[in-house]
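Reading through the structure tokens given below for one structure.
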Amino acid sequence: MFGECHAHIMMDGKNYKSAAARHKDSIKEEVIRAHFQLWKEAGITFVRDGGDALGVSIRAKAIAPEYEIDYRTPVFAIHKKGHYGGIVGHAFSNRQEYKELVKKARREGADFIKIMISGLMVFDTFGVLTEEGLPEEEIRQMIETAHEAGMKVMAHGNGSRTVQAAIEAGVDTLEHGNYLERETLDLLAESRTIWIPTLAPVGNLLGCGRFPDEAVQKILKRQMEHIRYAFEKGARIGLGSDSGAYRVPHGQGLLDEYNWVKEAVGPKQEMLLRERLAEAEAWIQKKMKQ
Ligand SMILES: [Zn+2]
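Following this line, the structure appears as structure tokens:
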């Protein structure tokens, strides 16, 4: 079984607000354990978390060995004040504060640094993001600062401009990466950056009624075409479902993700796909730890 390269143990696949509220006063170990159990039952032995603001994932790290799971966490994600990311981490307003957060994550046991450089997709309107994303220069500084501190970087990024800046700055893994232009996909394919395209949080919305299927289908189709293009160009692609996100259960989410990615590259490519996903995972497992 593949490892899960993008998960949120704090979330439950149903409602992130109530999931967060559960841990608000004190961290509920039984919830963490139930999620580890789901991964264990799915045969997953490697999980990389995307972090949370409440300290759930760092607690999970201490419990993981009991489930024979190699679990990695950034502790919390880092976002620019006033921008997307509050649910998964802490904010900075200037370069100094960013540096302090990198140090804090390191001190608290982070395996790598997670940064938020863009908004989210607006699921009922194709092509639209919730916000524009950070300036290129700031993205570059964020990645460099983390690298200088000896930490690898996982970046949440959508949209060509922000993603391009991240790749150029040598980001280690790019999460989501929706709405990339051809030029950015080419750059990605030539780079060492591993792309975790997270199809499950989009594909699993189909038929649920929360958003119009037509828009969801369009977002999904575009991302699948991009995966196929990048895959054929030799991009490094990894498997991560964003499990814990709405309609993406822990364990099953990764199976869903695999099926979506397989559909994207075409069933004839399955052998090569498995090889490439395993390579990306092996790199993450080897390098993204303190
Ligand atoms: Zn995530």
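Once you know that position 65 of the sequence shown is 110 in our numbering, the rest is easy, because the numbers rise by one and skip nothing. Heads up, the beta-carbon is just placed ideally off N, CA and C, and yes, glycines get one too.
Near ligand 1: residue i beta-carbon under 6 Å from a heavy atom
i, result
"residue 97", "no"
"residue 287", "yes"
Extent of the continuous beta strand (DSSP E) to which residue i belongs
i, result
"residue 116", "115 to 117"
"residue 93", "91 to 94"
"residue 134", "134 to 137"
Straight-line gap, residue i to residue j (C-alpha atoms, nearest Å)
i, j, result
"residue 280", "residue 70", "43 Å"
"residue 234", "residue 275", "6 Å"
"residue 94", "residue 259", "31 Å"
"residue 135", "residue 313", "43 Å"
"residue 271", "residue 250", "19 Å"
"residue 318", "residue 241", "13 Å"
"residue 185", "residue 116", "28 Å"
"residue 257", "residue 152", "44 Å"
"residue 333", "residue 310", "26 Å"
"residue 189", "residue 143", "11 Å"
"residue 199", "residue 252", "31 Å"
"residue 114", "residue 277", "32 Å"
"residue 212", "residue 125", "19 Å"
"residue 222", "residue 201", "8 Å"
"residue 127", "residue 183", "15 Å"
"residue 54", "residue 106", "10 Å"
"residue 195", "residue 237", "17 Å"
"residue 122", "residue 137", "11 Å"
"residue 165", "residue 177", "10 Å"
"residue 83", "residue 158", "26 Å"
"residue 295", "residue 52", "8 Å"
"residue 140", "residue 254", "42 Å"
"residue 304", "residue 285", "12 Å"
"residue 102", "residue 118", "6 Å"
"residue 13", "residue 210", "The question about residue 13 has no answer here: the residues shown for the chain are numbered 46 through 335."
"residue 231", "residue 75", "44 Å"
"residue 289", "residue 62", "12 Å"
"residue 301", "residue 308", "11 Å"
Residue i in three-state terms, based on DSSP
i, result
"residue 298", "helix"
"residue 271", "helix"
"residue 200", "strand"
"residue 229", "helix"
"residue 177", "coil"
"residue 251", "coil"
"residue 278", "coil"
"residue 126", "coil"
"residue 333", "coil"
"residue 316", "helix"
"residue 170", "coil"
"residue 70", "coil"
"residue 246", "helix"
"residue 234", "helix"
"residue 211", "helix"
"residue 120", "coil"
"residue 57", "coil"
Boundaries (first-last residue) of the alpha helix (DSSP H) holding residue i
i, result
"residue 74", "74 to 86"
"residue 162", "Looking at the DSSP string, residue 162 is not in any alpha helix (DSSP H), and its letter there is neither H nor E."
"residue 105", "101 to 108"
"residue 64", "61 to 67"
"residue 147", "140 to 152"
Residues sharing a beta bridge with residue i, DSSP
i, result
"residue 328", "DSSP lists no partner for residue 328."
"residue 220", "201, 241"
"residue 288", "52, 290"
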